[in-house]
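Letter by letter, the sequence shown follows residues 162 to 271 of the numbering used here. C-beta: ideal position from N, C-alpha, C; glycine also.
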Amino acid sequence: KGGEIVPAFFVGSTFGCTVGPLLGLDAGIAAQIGFVALFCGVVNCPVASLILALEVFGAENIPIFALICSISYMMSGRTGLYKSQTIVYSKISDDLSDFEIVHEKQQPTE
């Protein structure tokens with residue numbers, strides 16, 4: 162079947178194959194990057210996207226795919242293809258107060 166996912170594969174690969182050579186990339190690797198990037202952005206699941214890239218394209222370009230998955234995931238927003246999947250917390254925190262560590266002052270012992 163693949164009614165929702167296969168079009169994402171096609172659009173990502175086509176975009177990569179078209180834009181990649183304009184950026185000086187080989188059309189094949191650019192199509193792979195587009196495939197992985199769009200899939201990751203659509204499903205909001207970078208680990209599954211990286212595993213899919215490993216299965217489909219092999220381990221040769223995994224560092225590139227990991228970088229692309231990270232960027233795509235951070236930029237994809239809070240919702241994806243599936244309405245039931247919602248990201249509750251921000252992927253990129255612009256306010257570091259979420260990560261604030263509170264240190265208690267300890268009184269010196271005499």
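Collapsed DSSP secondary structure at residue i in the structure displayed
i: residue 231; result: helix
i: residue 319; result: Within the shown structure, residues of the chain are numbered from 162 to 271, placing residue 319 beyond reach of any answer.
i: residue 173; result: helix
i: residue 261; result: Here the model assigns residue 261 a pLDDT of 46, short of 50, so the residue's position is not dependable, and the following value carries that caveat. Reduced to three states, the DSSP call for residue 261 is coil.
Residue environment, residue i, which counts as buried when at least 16 other CB atoms sit within 10 Å
i: residue 171; result: exposed
i: residue 214; result: buried
i: residue 204; result: buried
i: residue 229; result: buried
i: residue 217; result: exposed
i: residue 199; result: buried
Neighbourhood of residue i by C-beta distance below 7 Å, restricted to the same chain and skipping five residues each side
i: residue 184; result: none
Other residues of its chain near residue i: CB distance less than 8 Å, five sequence neighbours each side excluded
i: residue 231; result: 207
Contact set for residue i: own chain, Cβ-Cβ below 6 Å, skip 5 residues either direction
i: residue 234; result: 201 and 207
i: residue 177; result: 191, 192, 194 and 195
i: residue 166; result: none
Going residue by residue through the region 189-227, where are the continuous alpha helix (DSSP H) segments of at least 4 residues, counting only ones entirely within it? You should have 207-218.
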